[in-house]
Each structure stands twice: as C-alpha cells, then as structure tokens.
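Numbering (the numbering used here), first residue to last: 4 to 344.
All residues carry an ideal CB built from backbone N, CA and C; glycine is no exception.
Comments concern the structure below.
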Amino acid sequence: MGVGYYQNMTLWNLGPNTYGCSSIQNDIDKIITQNGLSLRTDDYAATFASATNITFTNNQFTTDGIITQNTDQDMFKFNLNTTGRFTLSAIPYNVGTGNAGSDLDLQVSLYNSSQILLNVYNPGVLLSSVIDTSLNPGTYYLKVEGRGNIYAPNYASLGSYSLQGTFGSTLPLRRLELKGSINNDLHQLSWVIDADEQVAHQVLEYSTDGRHFTTLNDPADLSLRHYNYRPTSFGTIQYRLNVTFDNGRQYYSNIVTLKKTGSNPRPELISNFITDSKIEVQSPGNYAYSIFDYSGKAIKQGNLVNGSNLIQTPGIVSGGMYIIRFNDAAAGIWVDKFIRQ
C-alpha cells in the first residue's frame with residue numbers, strides 16, 4: 004500500500020503486492036472479505052428523479068455526504084427564483100492546508116432543468132472543486148463523485164465531503180461609456196468603467212468601415228482611462244472599448260465616431276450608419292451629391308445647401324454598405340461610405 008504519511012492524497016491500492024508484480028491485491032476487497040466489514044450504505048441517490056432537494060437559508064446552504072465506492076454518485080437539486088451569482092465550494096474531508104490527508108478527489112457537474120450538462124468542475128491540481136457562475140431562474144442539479152487525477156486512478160477516490168453554496172445578486176456592470184472629441188487634429192478618447200469586478204484587460208479598438216475593429220491601444224496600466232493620438236489618414240474612424248473583468252466576462256462600450264478632415268471644408272455625414280432611408284449631411288456650401296450601392300449602381304443624385312441637409316433615399320431598402328460622393332467644380336470630389344443597418 005506504500006507510505007502515505009507525507010502525501011497530500013492517500014488511496015487504497017489495486018495492483019501488485021509484495022509477493023511480486025504478477026500478484027494483484029485489491030485492498031478494498033481484502034478489508035471487506037477478511038474482516039467482516041461492509042461498505043457504508045449509500046447516503047444520496049444517483050438519479051435526477053431521486054435527487055435530494057437543497058434549500059437556501061439566508062441565501063446559503065451547507066450539506067455533507069460520503070462517496071462510498073468509485074461508482075457512487077450523489078445527486079442534489081436546487082431552485083432559483085431570480086437571476087444571480089451562484090457559488091459552491093465542494094471540499095473533501097482533510098486534516099490540513101491544501102486538503103492534506105484527503106482520500107477523495109471531488110468532481111462536481113452542474114445540470115439545468117432539462118438535465119443538460121452545463122459544466123464540469125474538477126481543477127486538475129486540486130482535490131476540491133469550486134463553482135462561481137451566473138444562473139437564471141430555474142431548477143438545477145449537482146452531481147458529486149470521486150474521480151482520479153494525473154497521479155492516481157479513481158479506484159479508491161473515496162471519503163466524506165461537504166458542500167457550501169451561496170446565491171446572491173449578480174455583480175453588475177453599472178456603466179461602461181466611451182467619449183471622444185477632436186482638438187485640432189488630435190483625437191481625444193476617455194472612458195468610464197463602473198463595476199464591482201476588477202478590470203483584467205482593456206483594449207481600445209478602432210474601425211474605418213464600421214464592421215472590422217482593430218486594436219489601437221492595449222495599455223498595461225489597467226487604471227488608465229484616456230488615450231490621445233493623431234490619426235495618420237483622413238476620414239471617419241469609429242472607436243469602442245473592449246473590457247474583460249476578472250470573472251471572465253467581456254463587454255463592449257458604445258461606439259464613438261470621429262472624423263479627421265483636411266484644411267479645406269467639405270460636406271460631412273452626420274453618421275455613417277442609417278436605420279431608415281434618411282441621410283443627414285452637414286455642408287459648408289452648395290455641393291452636388293450622388294449615391295451608389297457597392298456594385299456601382301446609381302441610386303440618387305441631388306444638390307446640398309449650406310448647413311444641415313436631410314436626404315430622403317427610398318431606393319435604399321436593404322442592409323449593406325453604400326457610397327455617397329460630394330463634388331464641386333472648384334473644390335474637388337470627396338467620397339464617403341455609410342451602412343444601412
């Protein structure tokens with residue numbers, strides 16, 4: 004059986020004994036058959052239909068169990084009335100730090116009300132298991148069992164354990180807002196992150212077509228909340244913030260649109276996105292315009308006046324990218340893209 008005094012996990016043996024490699028000994032069978040002993044009676048059922056119901060008291064529960072043999076599975080059931088954060092600590096019996104002296108490596112599986120597996124929790128380097136997740140209202144099941152690991156099989160991963168569960172409101176992301184402005188030719192971006200979780204990663208991204216975003220700045224300083232730079236090209240640039248928190252959840256901010264123009268004034272789209280057939284253009288004077296779909300087919304032509312212009316385009320009915328061209332005999336030609344959502 005070996006010397007397990009100084010090991011974190013000890014198991015009964017199934018394998019060669021002191022008489023030679025060809026002599027196999029089943030420790031558990033030896034103990035039972037030669038000493039008048041028997042395995043403990045199974046304490047919890049192993050089926051969904053007979054799962055033991057767990058009730059929360061003050062948003063928490065504690066229960067104990069025993070894995071009596073390597074085929075033993077303990078099923079539990081609990082109900083949630085609201086969306087919230089569910090945590091569970093599944094801890095094997097132990098006598099010290101790091102679950103020292105435990106004979107059980109725990110695995111916990113979480114199922115939904117349809118008995119569909121949501122996740123399996125069994126950290127490879129730990130004997131305990133931890134769940135920390137957000138759950139919607141409904142019925143859920145927990146399956147607790149003993150498993151092997153890279154150091155030992157599940158033959159004798161047996162013993163007692165305790166479950167400690169809690170449920171509370173989901174830690175909210177209260178505010179994630181990006182702001183932007185142009186100071187001469189400098190794009191100035193700032194943002195606000197208001198959440199209970201800690202920021203693990205934040206990336207400022209940009210796009211020139213409204214669909215494909217590329218990393219602009221990936222600061223190592225997670226407390227940074229501003230970024231300034233000068234774009235190297237003219238045109239419309241859209242910005243967003245991609246934030247990942249220490250609970251693994253990822254969020255995107257609102258999109259900010261800024262435009263870098265040359266020294267000569269020109270007509271400008273108020274937005275590169277439209278949701279109906281109306282296009283808003285701010286013009287510094289009288290200019291002609293032409294609208295095309297992305298295949299080059301002409302949709303509408305007309306003239307702009309000085310100030311704000313609202314162009315009606317009943318010919319734009321399907322989503323996609325379109326082109327608007329502004330031209331003036333003296334000032335030149337400009338082309339912008341916009342997207343019908």
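Expressed to the nearest angstrom, what Euclidean distance is found between the alpha-carbon atoms of residue i and residue j?
i: residue 226; j: residue 294; result: 45 Å
i: residue 311; j: residue 283; result: 7 Å
i: residue 71; j: residue 50; result: 16 Å
i: residue 136; j: residue 122; result: 10 Å
i: residue 278; j: residue 319; result: 10 Å
i: residue 138; j: residue 250; result: 14 Å
i: residue 148; j: residue 89; result: 20 Å
i: residue 262; j: residue 240; result: 6 Å
i: residue 304; j: residue 185; result: 31 Å
i: residue 144; j: residue 201; result: 30 Å
i: residue 113; j: residue 42; result: 27 Å
i: residue 329; j: residue 203; result: 45 Å
i: residue 124; j: residue 28; result: 32 Å
i: residue 4; j: residue 45; result: Model confidence at residue 4 stands at a pLDDT of 48, short of 50, so the residue's coordinates are unreliable and nothing is read from them.
i: residue 74; j: residue 109; result: 13 Å
i: residue 231; j: residue 211; result: 18 Å
i: residue 62; j: residue 252; result: 23 Å
i: residue 296; j: residue 183; result: 30 Å
i: residue 47; j: residue 57; result: 12 Å
i: residue 340; j: residue 59; result: 56 Å
i: residue 118; j: residue 83; result: 15 Å
i: residue 177; j: residue 141; result: 25 Å
i: residue 216; j: residue 322; result: 19 Å
i: residue 126; j: residue 258; result: 38 Å
Could you tell me the boundaries of the beta strand (DSSP E) in which residue i lies?
i: residue 22; result: Neither: residue 22 is in no beta strand (DSSP E) and is coded neither H nor E.
i: residue 51; result: Run containing residue 51: none; DSSP gives neither H nor E here.
i: residue 113; result: 109 to 114
i: residue 328; result: 323 to 331
i: residue 46; result: Looking at the DSSP string, residue 46 is not in any beta strand (DSSP E), and its letter there is neither H nor E.
i: residue 315; result: 310 to 315
i: residue 139; result: No beta strand (DSSP E) holds residue 139; DSSP gives it neither H nor E.
i: residue 40; result: Counting along the chain, residue 40 falls outside any beta strand (DSSP E), and DSSP gives it neither H nor E.
i: residue 94; result: 87 to 95
Are residue i and residue j closer than 7 Å when you measure CB to CB?
i: residue 292; j: residue 272; result: no
i: residue 238; j: residue 170; result: no
i: residue 1; j: residue 35; result: Limits of the chain in this structure are 4 at one end and 344 at the other, which puts residue 1 out of reach.
i: residue 196; j: residue 219; result: no
i: residue 233; j: residue 192; result: no
i: residue 270; j: residue 286; result: yes
i: residue 111; j: residue 92; result: no
i: residue 254; j: residue 209; result: no
i: residue 161; j: residue 106; result: yes
i: residue 77; j: residue 165; result: no
i: residue 54; j: residue 79; result: yes
i: residue 342; j: residue 276; result: yes
Run through DSSP, which three-state label would residue i get?
i: residue 72; result: coil
i: residue 118; result: coil
i: residue 61; result: coil
i: residue 82; result: strand
i: residue 336; result: strand
i: residue 35; result: helix
i: residue 4; result: Caution applies to residue 4, whose pLDDT of 48 falls short of 50 and renders its modelled position unreliable; the value that the coordinates give is listed next. It is coil, neither helix nor strand.
i: residue 297; result: coil
i: residue 131; result: coil
i: residue 160; result: coil
i: residue 147; result: strand
i: residue 123; result: strand
i: residue 304; result: strand
i: residue 167; result: strand
Under 6 Å: does the beta carbon of residue i sit that close to some heavy atom of the ligand GTP?
i: residue 48; result: The ligand GTP is absent from the structure shown, which contains no ligand whatsoever.
* 3 or more residues per run - each beta strand (DSSP E) lying fully within the region 171 to 246 -> 176 to 186, 189 to 198, 202 to 210, 217 to 220, 229 to 232
* **Residue ranges of each beta strand (DSSP E) within the region 249 to 294, 3 or longer** => 253 to 255, 259 to 263, 281 to 286
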